[in-house]
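Below you'll find the structure, written out as structure tokens, and then a few comments.
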Amino acid sequence: MKRVITYGTFDLLHKGHVRLLKRAAALGDHLTVAVSTDEFNAIKGKKAYTSYEDRKYILEAIRYVDEVIPEENWDQKVNDVVKYNIDLFVMGDDWKGKFDFLEDYCQVVYLPRTEGISTTKIKDDLGMN
């Protein structure tokens, strides 16, 4: 079984998020999604509109997602890859090169972002930023 993992906040879920999850899931047999907790977002200087528990609940309802785990700190990625027997780490290409250190543990793939949509754009359009 090929196991895939991706990370994100997944706030204000939109088409770009779902496309990323669909493409990540297609690269393996099991997709784990690590979702930034509210506490970790605070450390990063971010505030999600939707709580961690609600974001987790929404992601668990998406057919491409097999498992949702909390992302609680910057340094947990290596441990997650080992703990969950991950074969493939997937992120959007706006992060290209940032996670190459994981190549000692698994394959790393950066997928193209969906043009014209992002949580930042939605927040800007709604005057939330």
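Each residue of the sequence shown is one higher than the last, beginning at 3 in this note's numbering.
Each residue gets a CB set at the ideal place from its N, CA and C atoms; glycine is no exception.
Taking the alpha carbon of residue i as the point to measure from, which residue in the options has its own alpha carbon closest?
i	options	result
R115	C108, V6, L23	L23
L33	I88, A44, D68, R21	D68
I64	P72, L15, D31	L15
T11	K79, H19, R5	H19
E117	Y9, K17, R5, E62	K17
G30	I88, G47, D95	I88
First and last residue of the alpha helix (DSSP H) that includes residue i?
i	result
G18	17-28
D82	78-85
Do residue i and residue j have their C-beta atoms within less than 7 Å of each other?
i	j	result
A36	I60	no
F83	Y66	As written in the sequence, residue 83 is Val, which differs from the Phe given in the question. No. Outside cutoff.
V111	V92	yes
D102	T52	no
Y54	D40	yes
A26	V6	yes
For a test of the three-state rule: what should DSSP assign to residue i, helix, strand or coil?
i	result
E62	helix
K14	It is worth fixing the name first, because residue 14 is Leu in this sequence and not Lys. The answer is coil: DSSP assigns L14 none of H, G, I, E or B.
If you follow the beta strand (DSSP E) that residue i is part of, which residue opens it and which one closes it?
i	result
E69	69-73
F42	No beta strand (DSSP E) contains F42, which is instead part of the alpha helix (DSSP H) from 40-46.
I7	5-10
M130	Element bounds for M130: n/a, residue is neither H nor E.
Y112	109-113
G99	Run containing G99: none; DSSP gives neither H nor E here.
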